[in-house]
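A.B. asks:
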Amino acid sequence: MAKDIPSRSEDYSLWYNELVKKADLAEHSEVRGCMVIKPYGYSIWEKMQQALDKMFKDTGHSNAYFPLFVPKSLFEAEEQNAEGFAKECAIVTHYRLKADPNKKGKLMVDPDARLEEELVVRPTSEAIIWSTYKKWIQSYRDLPILINQWANVVRWEMRTRLFLRTAEFLWQEGHTAHANADEAIKETELILNVYADFAEGFMAMPVVKGRKSEGERFPGAVDTYCIEAMMQDGKALQAGTSHFLGQNFAKAFNVQFTSKEGKLEDVWGTSWGVSTRLMGALIMAHSDDDGLILPPKLAPIHVVVVPIFRSEEELKKITEKVDELSSALRKQGYAVKFDNRDTQKPGFKFAEWELKGVPVRLAIGPRDLENGTVEVARRDTKEKQVMKLDEVATRIPKLLDDIQANIYTKALKFRDEHVTKVDTYDELKRVLDDKGGFVAAHWDGTVETEAAIKEETKATIRCIPLDAKEEAGKCIYSGKPSSRRVLFARAY
RNA sequence: CGGGGUGUAGCACAGUCCGGUAGUGUACCUGGUUUGGGACCAGGGGGUCCCAGGUUCGAAUCCUGGCGCCCCGACCA
């Protein structure tokens, strides 16, 4: 086990926190609830951004940027949305500080600098964006608008956890406007599929695509779609949401257009987002007691090379071989790190790069120079093999593909083993306590039943899976009829 | 907001009960030996002991007030 990190079985929560810090991903800042994302952590986030950004652009979206501040009058325009976020908003009330006459060297808020209208620091940008769309949209010819923004938002959470829930976080938020409901719903579903493809294809993390229940719906949305993932401790994590907003925001902000037929109509909308929370998901989905396990498609470093040498001479000879190998790998698009520090021993480096989750490690020493070989170790299984030096550059791509596939398969197997069908309330409670994971059960579709189950078991309906089969049954709580199973779980 | 904990070197912590020269591990710096799974030896540097006030000859330690942070709960898309 890695030094200074507790094992997952000992204390999963502590394992997660320590791993985030020890792997150099992020740390707590001087600001309550806000984290510093460190270079290594940020480089993983950048890989996520790059992949997602390309997917958005490939599906016709463009990036833009809207203000951090939302005037209170705009913020409150869409009532449900405003009410949903009101309890966790940071508000700017003043625009100036001045020297405190009573405390030397200290500043105070200048009471004369009160803003006429308070500014809400965006917890989400529907308000500011729809108030802008109003100016952009007159005709059906102006539609659709397909915009994404990469931004930070602030939600004054009571309790925070690195990446999973921070008071300020980074995300992307898409906001689209359409001429009819059908097109908006298609957009909502398109993005849901983009998110699922990203989670599974890049993060190697299987997800369940579904709809949120009424009680879990985004404030101001008509319908909320989501992808739900399963963490190694059996808790669910919402990894992304895509909302069909209906005409709610158009009505709130008077965004209307003249249709082909010459009629004045309200615009249909969607919004969708994923955040730095995905970093938390990535960590908890794959990593082990030795540290991070990164899927090659998101790893900032694919291959780390550790030279083993006694003298400058030896290092020089090794470096020659490594340079050749590195450039062959780089030509194929892989990021290679040559860890030639002479300040740390090989064993230290092995442990460190394992902690950081680099998928493949090569070790080259005098022995290998003699034999024309290199030791290849994969992070996911910890298996080592000796390869011919001149074969490495051509075999690594396959190995990285194997690793990507293997960690997905492993996570999928775990997820599938943690979906349990139950037909009684007692079973639900037992499975939640003993096994965790998703519990597939019948539900009568009411907010009351969901709330009661949540109150009693702390489990929520994660989603109504899109692929749920029609199946007659009885709600495990109320006994009322139900036509399909939904997934319950305790969640992050 | 409720419950608990905590604040001392970059980091992790001891010392606080019972007041008397500021400690340990790690990290850092120098030199040497090492290097195929977290090296070793020797030497060295680094502190407003969270802040403010009080008690005292003397406060990291006792008293009063304040602040920060962490964990658990409630809350949470």
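According to the working numbering, the first sequence is numbered sequentially starting from 1.
Every residue, glycine too, gets a C-beta built ideally from N, C-alpha and C.
Between L292 and F202, how many whole angstroms is the CB-CB distance? I'm expecting something under 8 Å.
C.D. replies: As a working note, residue 292 is residue 292 in the first sequence. As a working note, residue 202 is residue 202 in the first sequence. The pair is not a contact, with the Cβ atoms about 15 Å apart (cut-off 8 Å).
A.B. asks: Measuring only the C-alpha atoms, how far is T224 from R217?
C.D. replies: Residue mapping note: residue 224 aligns to position 224 of the first sequence, counting from 1. Residue mapping note: residue 217 aligns to position 217 of the first sequence, counting from 1. In a straight line, the C-alpha of T224 is about 5 Å away from that of R217.
A.B. asks: CA-CA distance, R310 and V208?
C.D. replies: To locate residue 310, count along the first sequence from 1; it is residue 310. To locate residue 208, count along the first sequence from 1; it is residue 208. Distance between the alpha carbons of R310 and V208: 52 Å.
A.B. asks: For the region 278 to 292 and the region 4 to 16, state whether three or more C-beta atom pairs, one from each stretch, are separated by less than 8 Å.
C.D. replies: yes
A.B. asks: Rounded to whole angstroms, what is the Cα-Cα separation between L294 and Y16?
C.D. replies: Taking the first residue of the first sequence as position 1, residue 294 is located at position 294. Taking the first residue of the first sequence as position 1, residue 16 is located at position 16. When rounded, the distance between both Cα atoms is 15 Å.
A.B. asks: Check the C-beta distance from L369 over to I318 and give it rounded, since I have them as a contact under 8 Å.
C.D. replies: Position 369 of the first sequence, counted from the first residue, corresponds to residue 369. Position 318 of the first sequence, counted from the first residue, corresponds to residue 318. That belief holds up - the Cβ atoms of L369 and I318 are roughly 7 Å apart, short of 8 Å.
A.B. asks: What does the alpha-carbon distance come out to for the pair V222 and A181?
C.D. replies: Locating residue 222 in the first sequence gives position 222, counting from the first residue. Locating residue 181 in the first sequence gives position 181, counting from the first residue. Their backbone Cα atoms lie some 11 Å apart in a straight line.
A.B. asks: So, at 6 Å on beta carbons, what are the nonlocal neighbours of K251 in its own chain, with the 5 sequence-adjacent residues on each side left out?
C.D. replies: Translated into the one-based positions of the first sequence, residue 251 becomes position 251. Excluding positions up to five away in sequence, the list reads D266.
A.B. asks: Please list the terminal residues of the continuous beta strand (DSSP E) segment that includes A465.
C.D. replies: As a position in the first sequence, residue 465 is number 465, starting the count at 1. Before going on, a small fix: residue 465 reads as Pro here, not Ala. Here the beta strand (DSSP E) through P465 covers T460 to P465.
A.B. asks: Flag this pair as yes or no: are the beta carbons of W150 and G273 separated by less than 7 Å?
C.D. replies: Position 150 of the first sequence, counting from 1, holds the residue named residue 150. Position 273 of the first sequence, counting from 1, holds the residue named residue 273. Their beta carbons are not under 7 Å apart, which means W150 does not touch G273 by this criterion.
A.B. asks: Is the beta carbon of L162 less than 7 Å from the beta carbon of V20?
C.D. replies: In the first sequence, residue 162 corresponds to position 162, counting from 1. In the first sequence, residue 20 corresponds to position 20, counting from 1. The answer is yes: Cβ separation under 7 Å.
A.B. asks: Since V419 and G437 are thought to touch, with beta carbons under 8 Å apart, how far apart are those beta carbons, to the nearest angstrom?
C.D. replies: To locate residue 419, count along the first sequence from 1; it is residue 419. To locate residue 437, count along the first sequence from 1; it is residue 437. The Cβ separation is near 6 Å, so the contact holds.
A.B. asks: Cutting at 6 Å between CB atoms, please list the residues of its own chain near G174, excluding the five before and the five after it.
C.D. replies: In the first sequence, the residue the question calls residue 174 occupies position 174. N148 and W272.
A.B. asks: Quick one: residues in its chain with C-beta nearer than 8 Å to the C-beta of S29, no 5 flanking neighbours on either side, listed in chain order?
C.D. replies: Here residue 29 refers to the residue found at position 29 of the first sequence. Contacts found: M35 and V36.
A.B. asks: Quick check on the burial criterion: 16 or more other C-beta atoms within 10 angstroms. Buried or exposed for H94?
C.D. replies: The sequence position of residue 94 within the first sequence is 94, counting from 1. The residue is exposed, with fewer than 16 neighbouring Cβ atoms inside 10 Å.
A.B. asks: Does the distance from the CB of V447 to the CB of V439 come in under 7 Å?
C.D. replies: For the purposes of this step, residue 447 is taken as the residue at position 447 of the first sequence. For the purposes of this step, residue 439 is taken as the residue at position 439 of the first sequence. Cβ distance not < 7 Å, so V447 and V439 don't count as in contact.
A.B. asks: Let me know the secondary structure DSSP gives N81 once reduced to three states.
C.D. replies: Within the first sequence, the letter at position 81 stands for residue 81. For N81, the three-state secondary structure derived from DSSP is helix.
A.B. asks: What's the C-alpha gap between R277 and T160?
C.D. replies: Residue 277 sits at position 277 when you count from the first residue of the first sequence. Residue 160 sits at position 160 when you count from the first residue of the first sequence. Answer to the nearest angstrom: the Cα atoms are 12 Å apart.
A.B. asks: Could you have a look at G201 and say whether DSSP puts it in helix, strand or coil?
C.D. replies: In the first sequence, the residue the question calls residue 201 occupies position 201. Helix.
A.B. asks: Please identify the residue among V121, A99 and S326 whose C-alpha is closest to the C-alpha of P111.
C.D. replies: Walking along the first sequence from the start, residue 111 turns up at place 111. Nearest option by C-alpha distance: A99.
A.B. asks: If you run the structure through DSSP and keep just helix, strand and coil, what is E157?
C.D. replies: Your numbering for residue 157 matches position 157 in the first sequence. Coil.
A.B. asks: Using the Cα positions of A561 and S73, report the straight-line distance between them to the nearest angstrom.
C.D. replies: Because the chain here runs from 1 to 492, residue 561 falls outside it and cannot be looked at.
A.B. asks: Given that a residue counts as buried once 16 or more other Cβ atoms are within 10 Å of its Cβ, and exposed if not, what is T381?
C.D. replies: Sequence index remark: in the first sequence, residue 381 carries index 381 (1-based). It is exposed - the Cβ of T381 has fewer than 16 other Cβ atoms within 10 Å.
A.B. asks: By DSSP, does T449 sit in helix, in strand, or in coil?
C.D. replies: Taking the first residue of the first sequence as 1, we reach residue 449 at position 449. T449 falls in the helix class under three-state DSSP.
A.B. asks: Take A77 and list the residues in its own chain whose beta-carbon comes closer than 7 Å to its own, dropping the five residues that flank it on each side.
C.D. replies: Taking the first residue of the first sequence as position 1, residue 77 is located at position 77. Around A77: A127, A252 and F253.
A.B. asks: Should the region 329 to 338 be regarded as contacting the region 390 to 407, the criterion being three or more beta carbon pairs within less than 8 Å?
C.D. replies: yes
A.B. asks: Keeping to the same chain, check which residues put their C-beta closer than 7 Å to that of C226; ignore five residues upstream and five downstream.
C.D. replies: Locating residue 226 in the first sequence gives position 226, counting from the first residue. Around C226: G210, K212, Q238, G240, T241 and C463.
A.B. asks: May I have a chain-ordered list of the alpha helix (DSSP H) segments no shorter than 4 residues that lie completely inside the region 24 to 88?
C.D. replies: 39 to 58, 72 to 75 and 79 to 86
A.B. asks: Run through DSSP, which three-state label would I364 get?
C.D. replies: Locating residue 364 in the first sequence gives position 364, counting from the first residue. Here I364 sits in strand by DSSP.
A.B. asks: Is P296 helix, strand or coil when you go by DSSP?
C.D. replies: Counting from one through the first sequence, the residue named residue 296 turns up at place 296. P296 falls in the helix class under three-state DSSP.
A.B. asks: From V358 to S275, what does the alpha carbon distance come to, in whole angstroms?
C.D. replies: The count along the first sequence starts at 1 and reaches residue 358 at position 358. The count along the first sequence starts at 1 and reaches residue 275 at position 275. Between V358 and S275, the C-alpha separation is close to 23 Å.
A.B. asks: Taking the alpha carbon of E79 as the point to measure from, which residue in P219, D323, T343 and E312 has its own alpha carbon closest?
C.D. replies: Locating residue 79 in the first sequence gives position 79, counting from the first residue. It is P219.
A.B. asks: Does the beta-carbon distance from A177 to G269 come in below 7 Å?
C.D. replies: As a position in the first sequence, residue 177 is number 177, starting the count at 1. As a position in the first sequence, residue 269 is number 269, starting the count at 1. For A177 and G269, yes; Cβs fall inside 7 Å.
A.B. asks: Quick check on the burial criterion: 16 or more other C-beta atoms within 10 angstroms. Buried or exposed for E383?
C.D. replies: Start at 1 with the first residue of the first sequence, and residue 383 comes out as number 383. Answer is exposed; the Cβ neighbour count stays below 16.
A.B. asks: So what does DSSP say about P219, is it helix, strand or coil?
C.D. replies: Along the first sequence, one-based indexing puts residue 219 at 219. In the structure shown, P219 sits in coil (DSSP, three-state: anything other than H, G, I, E or B).
A.B. asks: Report the rounded CA-to-CA distance for G60 versus L146, giving the unit in angstroms.
C.D. replies: For this step, residue 60 is matched to residue 60 along the first sequence. For this step, residue 146 is matched to residue 146 along the first sequence. About 7 Å.
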